[in-house]
Amino acid sequence: MCSYKCAFVNNIDTCLCPVGFEMTTTSCVVLISNFSTDINECKTMTPNPCDPNHGICINIVGSYICVCDDGYMLGPNNTCNDRNGNWATWGGWSNCSQMCNGGIAYRSRYCSSPSPQGLGRNCIGNATGEQQCNTQDCPLTKDEEVYGRTIYVRGLEYDLVRYVCILTTFISSEVKC
Numbered sequence: 001m002c003s004y005k006c007a008f009v010n011n012i013d014t015c016l017c018p019v020g021f022e023m024t025t026t027s028c029v030v031l032i033s034n035f036s037t038d039i040n041e042c043k044t045m046t047p048n049p050c051d052p053n054h055g056i057c058i059n060i061v062g063s064y065i066c067v068c069d070d071g072y073m074l075g076p077n078n079t080c081n082d083r084n085g086n087w088a089t090w091g092g093w094s095n096c097s098q099m100c101n102g103g104i105a106y107r108s109r110y111c112s113s114p115s116p117q118g119l120g121r122n123c124i125g126n127a128t129g130e131q132q133c134n135t136q137d138c139p140l141t142k143d144e145e146v147y148g149r150t151i152y153v154r155g156l157e158y159d160l161v162r163y164v165c166i167l168t169t170f171i172s173s174e175v176k177c
């Protein structure tokens, strides 16, 4: 009497056991735990069912699992493949480079989720990003007044040009922007 399945193979009634179990004598042996004797596929299967170069076979009751070395991913047919890189999440934006009149803020990310291993592909795309910030015009200082295309600073007249002069020191009458 078989404890799992019977089959007629080569004109002989044969007992079959589930995958990962072995038959003893004429039937699958039933232990106290109501399971048949577990075989170690990692040792009995030839060739080893897992990638022999970058993986190991771990026996579990009724089967086995393949685990790849660090840096490799389990692929089809239990092969361990080189690991392609993938971007981690973006970091926060930096402070703006200018308080007004337009500046740039930066952020970065790393190719570490996971990082590429073996012959795996590096991350595609940019590791840094930038965006414009503080695009509003700078306010005039208390010493500046603008009329048309002429700027008056402390009573001195200058032609207004595209560039904005920020007063940090006293300007003599000989200095023009």
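Count the sequence shown with UniProt numbering and you get residues 1 to 177, in order.
Beta carbons: idealized from backbone N, C-alpha and C, even for Gly.
No experiment lies behind these values; they were computed from the predicted model shown.
Checklist entry - Buried or exposed: which applies to G91, given that a residue is buried once 16 or more other Cβ atoms fall within 10 Å of its Cβ? => result By the 10 Å Cβ count, G91 comes out exposed.
Checklist entry - Can you round the beta-carbon distance between G75 and G120 to whole angstroms, since I take them to be within the 8 Å contact cut? => result About 12 Å separates the two Cβ atoms, so there is no contact after all.
Checklist entry - DSSP on T44, reduced to helix/strand/coil? => result In the structure shown, T44 sits in a helix (DSSP, three-state: H, G or I).
Next on the checklist: Here's the rule I'm using: 16 or more other beta-carbon atoms within 10 Å means buried, otherwise exposed. How should C138 be labelled?
Outcome noted: Taking all protein chains shown into account, C138 has fewer than 16 neighbouring C-beta atoms within 10 Å of its C-beta and is therefore exposed.
Item to check | N53 versus I39, G129, C111, D70, residue with shortest Cα-Cα distance | outcome: Answer by Cα proximity: D70.
Checklist entry - So, are the CB atoms of W87 and C50 less than 7 Å apart? => result Annotated as distal: W87 and C50, with beta-carbon spacing of 7 Å or more.
Checklist entry - By the 10 Å Cβ neighbour count, where 16 or more other Cβ atoms means buried, how is E41 classified, buried or exposed? => result Burial call: buried.
Next on the checklist: By the three-class DSSP mapping on this structure, what secondary structure does residue 178 have?
Outcome noted: For the chain, the structure presents residues 1 to 177; residue 178 sits outside this window and is missing.
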